[in-house]
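Asks: Just add 153 to wherever you are in the sequence shown, counting from 1, and you've got the numbering used here.
Where a beta carbon is used, it is the ideal one built from N, C-alpha and C, also for glycine.
These numbers come from a predicted model, not from an experiment.
Take a look at this one; I'll ask things after.
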Amino acid sequence: MFCAGGDLRGFQALNAKSESSLEDIRAASRETGELLRTVATQPQPTIALVHGAAMAGGLGLMAATDIAIAHSDTRLALTETRLGLIPAQIAPWIVRRGGMIAAQRLMLTGARFTADQAREFGLVDFVEADDAHLRERYEAIRRDIRACAPCANRATKRLMRTLEGDALDDFVEQAADAFTQALAGDEGQQGIRSFLDRSKPPWQSR
154 MFCAGGDLRG
164 FQALNAKSES
174 SLEDIRAASR
184 ETGELLRTVA
194 TQPQPTIALV
204 HGAAMAGGLG
214 LMAATDIAIA
224 HSDTRLALTE
234 TRLGLIPAQI
244 APWIVRRGGM
254 IAAQRLMLTG
264 ARFTADQARE
274 FGLVDFVEAD
284 DAHLRERYEA
294 IRRDIRACAP
304 CANRATKRLM
314 RTLEGDALDD
324 FVEQAADAFT
334 QALAGDEGQQ
344 GIRSFLDRSK
354 PPWQSR
């Protein structure tokens with residue numbers, strides 16, 4: 154499994170009424186945002202090999218890389234809104250890879266999709282049928298990267314980041330606040346409880 158996202162049991166253990174717990178949530182959200190930004194801003198090209206599940210934050214981690222190769226059996230989804238949460242820190246990376254319209258649709262529905270669909274959305278670059286082909290694709294991409302001058306690649310990545318402007322510098326903090334409010338709210342608490350109890354949250358029972 155690539156990554157199934159955040160630790161919902163850990164979130165449930167936090168006391169949403171306590172300011173110290175809320176700050177812990179903000180700190181965890183900031184840490185996620187900084188991790189994704191660190192992956193995205195590495196000077197060398199980054200490649201994700203994705204297998205099994207890439208859900209929520211796991212999908213964000215994949216989207217933050219330069220090149221994503223998925224096994225054909227990979228399952229993907231942005232499940233936050235189904236849990237009463239929001240895909241806060243991962244949003245800019247999903248938008249950057251798949252575009253605003255596709256990202257919005259995936260976030261607002263929380264629907265699962267396949268590796269082939271992810272490629273259609275622009276979230277995945279290559280889909281391979283088995284582990285052997287996935288490894289072959291990875292090695293081919295590595296050979297292509299090695300044919301490029303490393304300083305030229307570094308400068309290219311730095312130049313491409315200027316196209317995004319300075320918006321990401323403020324986004325991590327805004328996303329941390331928004332995620333904390335969602336998690337501490339009634340929907341977030343009910344959604345996590347329902348997920349862990351394997352029951353439907355109130356909005357799915359209507």
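Could you please give me the residues that DSSP links to I222 through a beta bridge?
Replies: BP columns for I222 point to L202, F279.
Asks: Which residues bound the beta strand (DSSP E) around R351?
Replies: No beta strand (DSSP E) holds R351; DSSP gives it neither H nor E.
Asks: What residues are listed by DSSP as bridge partners for F266?
Replies: Per DSSP, L229.
Asks: Count the other C-beta atoms from every protein chain shown that fall within 10 angstroms of the C-beta of L349, then say buried if there are 16 or more, exposed otherwise.
Replies: So L349 ends up on the exposed side.
Asks: Going by alpha carbons, who is nearest to F324 out of R183, F164, D177, E172?
Replies: It is R183.
Asks: Roughly how far, in whole angstroms, is the beta-carbon of L189 from the beta-carbon of A209, given that I think they are within contact range, below 8 Å?
Replies: That belief does not hold up - the Cβ atoms of L189 and A209 are roughly 12 Å apart, past 8 Å.
Asks: Just curious, the alpha helix (DSSP H) that P245 is in, first and last residue?
Replies: Segment 244–251, the alpha helix (DSSP H) holding P245.
Asks: Quick check: the Cα distance between T218 and V192, rounded to an integer number of angstroms?
Replies: So the two alpha carbons sit approximately 6 Å from each other.
Asks: So, with DSSP's three-state summary, where would you put M208?
Replies: Note: M208 maps to strand in three-state DSSP.
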